[in-house]
Amino acid sequence: MSSPYRRKGRRKLASELNVVPFIDVMLVLLVIFMITAPMINQGVEVDLPQTTSQPIEDNNKPLIVTVDQKGNYYISLGDQEKTVDLDNIASQVKTVLSRNPDTPVMVRGDRNVSYGQVISLMGTLQGAGVPNVGLISEPPQGGQSQG
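Take 1 as the starting number for the sequence shown in the UniProt record's numbering and just add one per residue.
Set out below in structure tokens:
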């Protein structure tokens with residue numbers, strides 16, 4: 001005897017995938033990234049001196065050597081930043097310049113760092129074979145730089 005509720009044919013399986021929950025999760029992640037992206041701190045925080053000079057345009061990513069208020073040294077190229085001792089800066093810079101000799105080298109010194117530390121750093125960079133060392137500063141608080 002067969003059950004009156006049993007069907008004679010096989011039931012067709014629905015093979016559709018519901019993507020609405022996936023889209024909801026992606027939109028939530030997008031909103032989270034949009035909110036947190038401006039909060040990400042770029043590099044070491046230093047209080048730069050102000051100047052009225054015009055910025056220099058260059059297409060190469062610069063190698064930036066930073067001296068913070070405590071006298072710590074940092075090297076950054078693009079998005080990579082690492083702490084380094086003054087004794088190891090020359091070898092790090094030589095490695096970068098051997099890969100790309102046209103890489104501009106910039107010094108970012110905190111306003112409260114002694115002049116001697118910045119000069120010592122610049123001497124180390126020139127000893128590493130850097131022909132020109134640039135200094136990074138901020139424009140005056142008035143907004144527009146004078147030329």
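Using N, Cα and C, we set each Cβ at its ideal position, and we do this for glycine too.
Residue i versus the options, residue with shortest Cα-Cα distance
i	options	result
residue 157	MET34, GLY134, PRO139 and GLN141	An answer regarding residue 157 cannot be provided, because it is not within the stretch 1 to 147 covered by the chain.
GLY123	ILE89, SER98, VAL96 and ASP110	ILE89
VAL96	GLY129, ASN72, THR83 and LEU86	GLY129
ASN112	LEU17, VAL46 and PRO38	VAL46
GLY71	VAL31, MET106, SER91 and LEU121	LEU121
PRO139	GLN92, ASN60, PRO49 and PHE22	PRO49
ASN60	SER15, ASP102 and ILE35	ASP102
GLY78	VAL105, ASP87 and THR36	VAL105
Strand pairing of residue i, partner residues [DSSP]
i	result
ILE64	SER76 and MET106
GLU133	Correcting the residue identity first, residue 133 is Val in this sequence and not Glu. Its beta-bridge partners are VAL105.
THR83	TYR74
GLN50	GLU138
Run of the alpha helix (DSSP H) containing residue i, from where it starts to where it stops
i	result
LYS94	86–99
SER120	115–127
MET39	It is not in any alpha helix (DSSP H) - MET39 carries neither H nor E in the DSSP assignment.
Burial state of residue i, where buried means 16 or more other Cβ atoms lie within 10 Å
i	result
LEU27	exposed
GLY147	With a pLDDT of 43 at GLY147, under the threshold of 50, the predicted position of this residue should be treated as unreliable, though the coordinate-derived value follows. Classification for GLY147: exposed.
ASP85	exposed
LEU125	buried
GLY109	buried
SER76	buried
Short CB-CB distance (under 7 Å) between residue i and chain D
i	result
GLY78	Judged by its chain identifiers, the structure shown contains no chain D, having just a single protein chain.
Pair every Cβ in the region 65–72 with every Cβ in the region 112–129, then say whether three or more of these pairs are closer than 8 Å. yes
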